[in-house]
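Asks: Next up is a structure, given as structure tokens.
In full-length UniProt numbering, the protein residues as written are 1 to 369.
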């Protein structure tokens, strides 16, 4: 009797392997010139772009993360949907409104549409009272002493307003419902009205990864010299490896929102986006009370300055005092941790961290005196 041989043609098809994010570490200028892109630690420009006096952009990397984010959001089920029926009691026609302001942690998607229904996603953006607000604090590089005066107190809403649906703004012609015709949605309106959520659906404790690359670039363009306790190349590396602290990432996003020009920030309003990230950072701080490290101090410094720009002096003082208490416990305040640094780079980061924190503590002590 002949032996039967069983051959598995593609045994790897049954294995689901998560694809790692492609590391794009060179800017567009260096990729075009095919030269090595040497990143500076405290500047968002590489050495080649700084020497050539050209803008150091990462459009290729941003396009990759944007496309990757769209694919991931398309494959994942929607977080919150509101179904609104049209044309009276006609069960054939319905539309779905995406609530982009909904928290992905508290949402549960349990809706299913019939095969004969036509569904489209649209998210109207509410008019924000702070959409054209400019940041009122001009940050200067830290010197030996810093003088900060409390800005005028104004109230900024912490809660992001939920979108309001208006039947008059739907991309459907209601008059065709009586003839049993299901109109097609307008793709231009659908694409222009979609906004990415502020937080990542897969990691709800972090800002959206597609927006985060833009936030990091914007942060170091406007705050890199004022806060030398963070390095640009190290921050990008930690983000690409998905090991960046959620508190640091949220603080970067809150500060960069004031200078951001992406539709997700402009249409929501810089003040509301900053308020959302600051509120999320406050929840992260409450969960990290017993986690004392240099990263926690960095995150508290960023969140404290973000609260300062929102004129929330009580939150600013609370974060600065907590950062001071942690720095004393880990040995940063008395210099013990600095002496244990394993490299000149680490020693420089620790010294700059304590220098920034010491000036913030002096400012808080001056106000409370």
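By construction, the Cβ of each residue, glycine as well, lies at the ideal position given by its N, Cα and C atoms. None of the values given here were measured: they were computed from a predicted structure.
(1) Using only alpha-carbon positions, find the residue among 203, 286 and 345 that is nearest to residue 231.
(2) Whose CA, out of 356, 49 and 50, lies closest to the CA of residue 223?
(3) Can you confirm whether the stretch 349-365 touches the stretch 327-335 when touching is taken to mean that 3 or more C-beta pairs between the two stretches lie within less than 8 Å?
(4) Where do the N-terminal and C-terminal ends of the alpha helix (DSSP H) with residue 269 fall, by residue?
(5) Does residue 207 come out as helix, strand or coil in the three-state DSSP assignment?
(6) Could you pull the DSSP bridge partners for residue 199 from this structure?
(7) Drop a sphere of 10 angstroms on the beta-carbon of residue 260, count the other beta-carbons inside from all chains shown, and report buried for 16 or more, exposed for fewer.
(8) Please state if the CB of residue 310 and the CB of residue 249 are separated by a distance shorter than 7 Å.
(9) Work out the CA separation of residue 283 and residue 49 for me, nearest whole Å.
(10) Should residue 273 and residue 257 be called a contact, given that it needs their Cβ atoms to be closer than 7 Å?
(11) Considering just the uninterrupted stretch of the alpha helix (DSSP H) at residue 313, what are its terminal residues?
(12) Beta-carbon within less than 7 Å of residue 307's beta-carbon, same chain only, minus the 5 sequence neighbours each way: which residues are those?
(13) Buried or exposed for residue 325, please, with buried defined as at least 16 other CB atoms from any protein chain shown within 10 angstroms of its CB.
(14) Taking residue 211 as the reference, which of 296, 58, 26 and 264 has the closest Cα?
(15) How should residue 55 be labelled, buried or exposed, when 16 other C-beta atoms within 10 angstroms of its C-beta is the threshold for buried?
(16) Can you list, in chain order, the residues of its chain whose CB lies under 7 Å from that of residue 57, leaving out five sequence neighbours each side?
(17) Looking at residue 292: is its Cβ nearer than 7 Å to the Cβ of residue 229?
(18) Can the beta-carbon of residue 340 be found less than 7 Å from the beta-carbon of residue 322?
(19) For a quick check, are the C-beta atoms of residue 262 and residue 214 less than 7 Å apart?
(20) Between residue 253 and the rest of its own chain, which residues show a CB-CB distance below 6 Å, the 5 nearest in sequence each way excluded?
(21) How should residue 200 be labelled, buried or exposed, when 16 other C-beta atoms within 10 angstroms of its C-beta is the threshold for buried?
Replies: Per the coordinate set shown:
(1) Closest option to residue 231, Cα to Cα, is 345.
(2) Each of 356, 49 and 50 was checked against the Cα of residue 223, and the nearest Cα belongs to 356.
(3) With the cut-off at 8 Å, the stretch 327-335 and the stretch 349-365 touch.
(4) Following the DSSP letters along the chain, one finds residue 269 in no alpha helix (DSSP H), marked with neither H nor E.
(5) Strand, per DSSP.
(6) According to DSSP, residue 199 bridges with 207.
(7) It is buried - the Cβ of residue 260 has at least 16 other Cβ atoms within 10 Å.
(8) Cβ distance not < 7 Å, so residue 249 and residue 310 don't count as in contact.
(9) Near 39 Å, if we compare the C-alpha coordinates of residue 283 and residue 49.
(10) A Cβ-Cβ contact shorter than 7 Å links residue 273 with residue 257.
(11) Here the alpha helix (DSSP H) through residue 313 covers 313-330.
(12) Excluding the 5 residues flanking it on each side, residue 307 has same chain C-beta neighbours closer than 7 Å at 278, 315, 316 and 319, in chain order.
(13) Sixteen is the threshold: since fewer than 16 other Cβ atoms of the shown chains lie within 10 Å of the Cβ of residue 325, the residue is exposed.
(14) Comparing Cα positions, the closest option is 264.
(15) Its Cβ having fewer than 16 others within 10 Å, residue 55 is exposed.
(16) Taking C-beta separations shorter than 7 Å and ignoring five residues to either side along the sequence, the partners of residue 57 in its chain run 27 and 28, following chain order.
(17) Taking 7 Å as the Cβ cut-off, residue 292 and residue 229 do not qualify as a contacting pair.
(18) With contacts defined by Cβ atoms closer than 7 Å, residue 340 and residue 322 do not form a contacting pair.
(19) In contact: residue 262 and residue 214 (Cβ atoms closer than 7 Å).
(20) Taken in chain order, the residues that qualify are 207, 215 and 277.
(21) Burial is judged here by how many other beta carbons sit within 10 angstroms of a residue's own beta carbon; residue 200 has at least 16 and is buried.
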